[in-house]
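Novice: Structure provided below as structure tokens; questions to follow.
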Amino acid sequence: MFSPAVLGQVFVDGIGLSAIYILIALGFTLLFGIMRVVNFAHGAFAMLGGYALYYLYGGLGLPYLIAAPAAALIVATVALVLERVVYRFFYQRMFQSMIGLLGLDMAIMYLAVIAWNAEERSVPPSTDALLHMGSLVFPAQKLIIAAIAAIALLAFYVFTHYSRYGLAMRAAAQDVDIAEAQGVNSTAIYRLAFFIAIFMAALAGGFYAQTYALSPFVGEPQLMIAFIVVILGGMGSIPGVALGGLLLGFANSFLGTFYGSATSIFVSFGAVILLLIFRPWGLLGVKEA
Amino acid sequence: MSKPSTLDSTLPPRFASQPTAHAGTVRTPRRWLAHPAVVAVVIALLIALPFFAQDKFVLSVAVTTFITAIAACALHLIVRTGHVSLGHAAFMGIGAYVSAIATMNFGLPFPVAVCLAFLVPAALALVVGPILLRLTGKYFVLVTLLFGEIVRTAFVNWTDVTGGSTGISGVPAPSPFFSGAVPFYYLALGFAIVIIGIIGRLLASETGRVIDSIREGEALARCSGVPVLATKVAVFMLGCGIVGVAGALQAHFVRYIDPTSFALEQSLNLVVINVIGGMYTLIGPIVGTLFLVLLPEFLRGYVELQHVFFGIVLILVMAFFSGGIADAGALLKRIGAGRGGAR
Chain A
744 MFSPAVLGQV
754 FVDGIGLSAI
764 YILIALGFTL
774 LFGIMRVVNF
784 AHGAFAMLGG
794 YALYYLYGGL
804 GLPYLIAAPA
814 AALIVATVAL
824 VLERVVYRFF
834 YQRMFQSMIG
844 LLGLDMAIMY
854 LAVIAWNAEE
864 RSVPPSTDAL
874 LHMGSLVFPA
884 QKLIIAAIAA
894 IALLAFYVFT
904 HYSRYGLAMR
914 AAAQDVDIAE
924 AQGVNSTAIY
934 RLAFFIAIFM
944 AALAGGFYAQ
954 TYALSPFVGE
964 PQLMIAFIVV
974 ILGGMGSIPG
984 VALGGLLLGF
994 ANSFLGTFYG
1004 SATSIFVSFG
1014 AVILLLIFRP
1024 WGLLGVKEA
Chain B
5 MSKPSTLDST
15 LPPRFASQPT
25 AHAGTVRTPR
35 RWLAHPAVVA
45 VVIALLIALP
55 FFAQDKFVLS
65 VAVTTFITAI
75 AACALHLIVR
85 TGHVSLGHAA
95 FMGIGAYVSA
105 IATMNFGLPF
115 PVAVCLAFLV
125 PAALALVVGP
135 ILLRLTGKYF
145 VLVTLLFGEI
155 VRTAFVNWTD
165 VTGGSTGISG
175 VPAPSPFFSG
185 AVPFYYLALG
195 FAIVIIGIIG
205 RLLASETGRV
215 IDSIREGEAL
225 ARCSGVPVLA
235 TKVAVFMLGC
245 GIVGVAGALQ
255 AHFVRYIDPT
265 SFALEQSLNL
275 VVINVIGGMY
285 TLIGPIVGTL
295 FLVLLPEFLR
305 GYVELQHVFF
315 GIVLILVMAF
325 FSGGIADAGA
335 LLKRIGAGRG
345 GAR
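Read top to bottom, the protein sequences are chains A and B. So the first sequence is residues 744 to 1032, counted in the working numbering. So the second sequence is residues 5 to 347, counted in the working numbering.
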């Protein structure tokens, strides 16, 4: 069963899954690292991203490479209203944010049920083409997803490391008070980080809806993914997200293919619990004082 | 080594910054709810209820309220130590499955099954507690969330014992006598009064003060000779055992159990009940239960809107007054005091 062809398939699946996982978790870790907010509503925004893609690509028939970013852009822009109305009350208040944003998650999820009812829909794949590489056959869609995710991640890296706003963002993540004393406008930085985080989540939500299915309840598994990836890598650590996403993506692809999805859940959750016990700050995180 | 308590920043400012002279007056709004006379009247009304309302719907809503109140108060016990568990329904589910399997497969009588439903979750809590309770704050929340998912996955996949996702149907009534609606009402009421009474007594005792001291200042409590971890584990075991009993009652009341009744949503409900009602007093989860069980039962037509409504309430409570509804009086006073300029 461990033939090269199957292993190759597992590898390709792993890349596709990792790309989605990293995108989801990156926004989650950003919100945690900068605003100290545990965004329990992260999955809800990903779900909204799925619906936005459903209408723009499946409904209006826009070209995929425009529809995918546009869908995420719409969700992130609308979410800015929530930033004003809800999120700003929870900045730097970790415990309250968990429970309060659970409430937001619940509200968004059931508003979605009211708006779109609970039935499952499917978002059409970006392309039906199959790629042949030696004995390997896989859908080109997976590569497109991975490519868009890679571009988004690269843009994010360049932004945080080579622009003034990125520098301000990193400064605010380290110490808000000192950053403010140096003239960083933390309100604007928070809004920017929030926008980026929701954009990534919505983008990932679109990919997720294409890979699996779309319903108001798909937010929950995506929230779990964000949790696991972020805990694996270390809360607030951006390289940690990349490592955690790759680990979880490949582990899920491998275990899911050979041992079934239940085993895959047991192993990944169990590993995360063990990690939390012995190294709660994650593989690449920094131990808190 | 100073581990910050989960709840430290959620404390209402009156604990920290208000002059102590205010403390006595601010506490009164919820004191009257716990006054022995009020409690006695409420219990008397509950005992009298079946004489006025023979309606099966009313009685079954009441039983659901009692069971949920037991479960929420069990979680309250753990919350008081400064740990918010997002996997409490898992222990409730274990209690339900243990009791159902004990009565159906092994033919044990109901009292023995309930004892098992207490002991098995408590034993599991004894095993995992010393490990989980070392974590604080967000890490504890996350790890219990994952723990709950693992237990749920076990319920779904351990088909030989748990019946998989179809669950177990035909769970027997506690005894032929208790199969009627009114007798079961009194059974559940009895359990609720005794268990909540024990929890209330415990929290009011010296042990309760030890628990509060662990939440408010763990390092200081340790320095004062409090066996912090042992106390936490003991409270965790008790909370998990009690919620197991609640699960057993639910299994024998609904006569049917399946994994979805003990999934994340139920865990969330228990947390929501505690948060909405108020986390620092035992009245909190009871008020929260009334809010969360009774309101939906009487507004059945609008299930989705209820969830939206609860979500918004949750945001408002967490953003503006973390004392919960039971503390609304205190909040009003604080606003009044704020207007007068005496902050």
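Even glycine gets a Cβ: it sits at the ideal position worked out from N, Cα and C. No experiment lies behind these values; they were computed from the predicted model shown.
In the DSSP output, which residue or residues are listed as bridge partners for H875 of chain A?
Specialist: Walking along the first sequence from the start, residue 875 of chain A turns up at place 132. Answer by DSSP bridge pairing, in chain order: A:V880.
Novice: Cβ of T148 of chain B less than 7 Å from any chain A Cβ?
Specialist: Working through the second sequence from its first residue, we reach residue 148 of chain B at position 144. No - not a single Cβ of chain A is within 7 Å of the one on T148 of chain B.
Novice: Show which residues of chain B have a CB atom less than 7 Å away from the CB atom of P1023 of chain A.
Specialist: In the first sequence, residue 1023 of chain A corresponds to position 280, counting from 1. L139 and Y143, listed in chain order.
Novice: Between the segment 880-907 of chain A and chain B, which residues of the former have CB atoms less than 8 Å from a CB of the latter, in chain order?
Specialist: Those would be none; no residue qualifies.
Novice: Per DSSP, what kind of secondary structure is S173 of chain B in: helix, strand or coil?
Specialist: Translated into the one-based positions of the second sequence, residue 173 of chain B becomes position 169. Looking at S173 of chain B - three-state DSSP - the assignment turns out to be strand.
Novice: For a cutoff of 7 Å on Cβ pairs, would you count E220 of chain B as touching chain C?
Specialist: Chain labels in this structure do not include chain C; the protein chains are A and B.
Novice: Is there a C-beta anywhere in chain A that falls below 7 Å from the one on I135 of chain B?
Specialist: Residue numbering aside, residue 135 of chain B sits at position 131 when the second sequence is read from its first letter. With 7 Å as the cut-off, I135 of chain B counts as an interface residue toward chain A.
Novice: Starting from M852 of chain A, follow the alpha helix (DSSP H) in both directions and report where the run begins and ends.
Specialist: Mapped onto the first sequence, residue 852 of chain A falls at position 109. Element bounds for M852 of chain A: M837 to W859.
Novice: Report the three-state DSSP secondary structure of R864 of chain A (helix, strand or coil).
Specialist: As a working note, residue 864 of chain A is residue 121 in the first sequence. Strand.
Novice: With C-beta atoms as the reference, is I199 of chain B less than 7 Å away from I246 of chain B?
Specialist: Numbered from its first residue, the second sequence carries residue 199 of chain B at position 195. Numbered from its first residue, the second sequence carries residue 246 of chain B at position 242. Cβ distance < 7 Å, so I199 of chain B and I246 of chain B count as in contact.
Novice: Check each candidate in B:T107, B:I202 and B:A121 and name the one with the smallest Cα separation from S179 of chain B.
Specialist: Your numbering for residue 179 of chain B matches position 175 in the second sequence. For S179 of chain B, the nearest C-alpha among the options comes from B:T107.
Novice: Measuring straight from C-alpha to C-alpha, what distance separates V214 of chain B and L206 of chain B?
Specialist: Position 210 of the second sequence holds residue 214 of chain B. Position 202 of the second sequence holds residue 206 of chain B. Looking at the two C-alpha atoms, the distance is approximately 11 Å.
Novice: With a threshold of 7 Å between beta-carbons, can A850 of chain A be considered close to chain B, or not?
Specialist: As a position in the first sequence, residue 850 of chain A is number 107, starting the count at 1. With 7 Å as the cut-off, A850 of chain A counts as an interface residue toward chain B.
Novice: What does the alpha-carbon distance come out to for the pair V249 of chain B and C77 of chain B?
Specialist: By one-based count along the second sequence, residue 249 of chain B stands at place 245. By one-based count along the second sequence, residue 77 of chain B stands at place 73. Looking at the two C-alpha atoms, the distance is approximately 12 Å.
Novice: Give the interface partners of L847 of chain A over in chain B, defined as CB-CB distance under 7 Å, in chain order.
Specialist: Sequence index remark: in the first sequence, residue 847 of chain A carries index 104 (1-based). Chain B residues near L847 of chain A: G315 and I319.
Novice: Hey, out of A:R836, A:G804, A:G846 and A:A787, whose CA is closest to A822 of chain A's CA?
Specialist: On the first sequence, position 79 is the one that residue 822 of chain A refers to. The option with the nearest alpha carbon to A822 of chain A is A:A787.
Novice: Which residues of chain B have a Cβ atom closer than 7 Å to the Cβ of G843 of chain A, listed in chain order?
Specialist: For the purposes of this step, residue 843 of chain A is taken as the residue at position 100 of the first sequence. Under the 7 Å cutoff, chain B gives L318, I319, M322 and A323.
Novice: Examine chain A for any beta-carbon lying closer than 7 Å to the beta-carbon of N278 of chain B, and answer yes or no.
Specialist: As a first step, residue 278 of chain B must be located in the second sequence, where it is residue number 274. False, the Cβ-Cβ gap to chain A never drops below 7 Å.
Novice: Do the segment 764-772 of chain A and the segment 961-969 of chain A make contact, defined as three or more Cβ pairs closer than 8 Å?
Specialist: Yes: at least three Cβ pairs fall under 8 Å.
Novice: Below 9 Å on C-beta distance, what does T157 of chain B contact in chain A?
Specialist: Numbered from its first residue, the second sequence carries residue 157 of chain B at position 153. Chain A residues near T157 of chain B: A1005, I1008, F1009 and F1012.
Novice: Name, going along the chain, the residues of the segment 799-823 of chain A whose beta-carbon falls closer than 9 Å to a beta-carbon of chain B.
Specialist: Here the close residues number zero.
Novice: For the alpha helix (DSSP H) that contains V1010 of chain A, what are its first and last residues?
Specialist: As a position in the first sequence, residue 1010 of chain A is number 267, starting the count at 1. It spans S1004 to F1021 - the alpha helix (DSSP H) in which V1010 of chain A sits, taken as one unbroken run.
Novice: If we require 4 or more residues per run, which alpha helix (DSSP H) segments fall completely within the segment 103-180 of chain B?
Specialist: Counting only runs of 4 or more, we get 114-136, 141-161 and 163-166.
Novice: What does I765 of chain A reach in chain B if we use C-beta pairs closer than 8 Å?
Specialist: Locating residue 765 of chain A in the first sequence gives position 22, counting from the first residue. Residues of chain B passing the Cβ test: none, with the nearest at roughly 19 Å.
Novice: Here's a check: name, in chain order, each residue in its chain whose Cβ is nearer than 8 Å to the Cβ of I74 of chain B, leaving out the five neighbours to either side.
Specialist: Working through the second sequence from its first residue, we reach residue 74 of chain B at position 70. For I74 of chain B, where only same-chain residues beyond five positions count, the Cβ hits under 8 Å are F195, A196, I199, I200, I246, V247, V249, A250 and L253.
Novice: According to a CB-to-CB cut-off of less than 8 Å, which residues of the segment 940-970 of chain A neighbour chain B?
Specialist: Listed by position, the residues of the segment 940-970 of chain A near chain B (Cβ gap below 8 Å) are E963, M967 and F970.
Novice: Tell me which same chain residues have a C-beta within less than 7 Å of the C-beta of T32 of chain B, skipping the five on either side of it?
Specialist: For the purposes of this step, residue 32 of chain B is identified with residue 28 of the second sequence, where counting begins at 1. Unreliable positioning characterises T32 of chain B in this predicted model, as indicated by a pLDDT of 41, which lies under 50. The coordinate reading is nonetheless provided below. Taken in chain order, the list of residues that qualify is empty.
Novice: Classify L298 of chain B as helix, strand or coil using the three-state DSSP reduction.
Specialist: By 1-based counting over the second sequence, the position of residue 298 of chain B is 294. L298 of chain B: helix per DSSP, three-state reduction.
Novice: Can you grab the Cα-Cα spacing for the pair G757 of chain A / L998 of chain A, in whole Å?
Specialist: Looking up residue 757 of chain A in the first sequence gives position 14. Looking up residue 998 of chain A in the first sequence gives position 255. Roughly 11 Å separates the two Cα atoms.
Novice: What is the DSSP secondary structure of Y190 of chain B, reduced to helix, strand or coil?
Specialist: What you label residue 190 of chain B is simply residue 186 of the second sequence in a count that begins at 1. Three-state result, Y190 of chain B: helix.
Novice: Could you check the C-alpha separation between F55 of chain B and A185 of chain B for me, to the nearest Å?
Specialist: Within the second sequence, residue 55 of chain B is the residue found at index 51, counting from 1. Within the second sequence, residue 185 of chain B is the residue found at index 181, counting from 1. Cα to Cα, the separation comes out at about 12 Å.
Novice: Please list the terminal residues of the continuous alpha helix (DSSP H) segment that includes H311 of chain B.
Specialist: Numbered from its first residue, the second sequence carries residue 311 of chain B at position 307. From DSSP, the alpha helix (DSSP H) with H311 of chain B extends over V307 to F324.
Novice: Using 8 Å as the Cβ pair cut-off and three pairs as the minimum, do the segment 827-836 of chain A and the segment 984-998 of chain A touch?
Specialist: These segments do not touch.
Novice: In chain B, which residues lie with their C-beta within 9 Å of the C-beta of F788 of chain A?
Specialist: Taking the first sequence and counting its residues from 1, the one referred to as residue 788 of chain A is at position 45. Correct list: empty, because the minimum Cβ distance to chain B is about 14 Å.
Novice: Taking the alpha carbon of R827 of chain A as the reference point, which residue from A:F754, A:P1023, A:R934 and A:A861 has its own alpha carbon closest?
Specialist: Numbered from its first residue, the first sequence carries residue 827 of chain A at position 84. Among A:F754, A:P1023, A:R934 and A:A861, the Cα nearest to that of R827 of chain A belongs to A:R934.
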